[in-house]
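Enquirer: Once you've had a glance at the structure underneath, I'll fire off some questions.
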């Protein structure tokens, strides 16, 4: 079978179906990786927000996490009045010196932006996955029909 009847009456080749399925598989992988990166960013922003909200204004001593895996912590001192001078990353390597409340506003806006982006990426992911699943169903059907035809042809010539 060299072609498959598509919706709307257009005939497409098996090679075109396979190529489209391959493109979709790659696109789904890219989307999945992008979604995972934004989920990580979202979690980091949530952690920053919660830390700023819960850090006492009186300051104190404690340990500061050096890496994202919390493998290393070093002693640190948070000075009283720290909430008046917070540096928040506003992108492209720029930091804004502000107070805790304004820093939280910046983080909350970034959280909302990342959340909107994640919603859009997840919609695209679902659409691509649905199309890929439909193509896989068609390809499985074509292969099953080819297998049945081959078996029937083998039995007819053998008898």
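Residue numbers (the working numbering): 1 to 159. Yeah, the Cβ is synthetic: ideal placement off N, Cα and C, and Gly gets one too.
(1) From this set, 83, 50, 81 and 65, which residue's C-alpha is nearest residue 75's C-alpha?
(2) On the three-state DSSP scale, how would you describe residue 99?
(3) What separation, rounded to the nearest whole angstrom, lies between the Cα atoms of residue 83 and residue 77?
(4) From the DSSP secondary-structure annotation, give me the bridge partner or partners of residue 132.
(5) Taking buried to mean at least 16 other C-beta atoms within 10 Å of its own C-beta, is residue 43 buried or exposed?
(6) Leaving out five residues before and five after residue 141 in sequence, what residues of the same chain have Cβ atoms less than 8 Å from its Cβ?
(7) Fully enclosed by the region 46 to 110, which beta strand (DSSP E) runs are 3 residues long or longer?
(8) Taking DSSP's pairing of strands, which residues face residue 35 in a bridge?
Expert: The structure says:
(1) 65
(2) coil
(3) 14 Å
(4) None; residue 132 has no bridge partner.
(5) exposed
(6) none
(7) 60 to 65, 73 to 78, 86 to 91 and 94 to 98
(8) Paired residue(s): none; residue 35 is not in a bridge.
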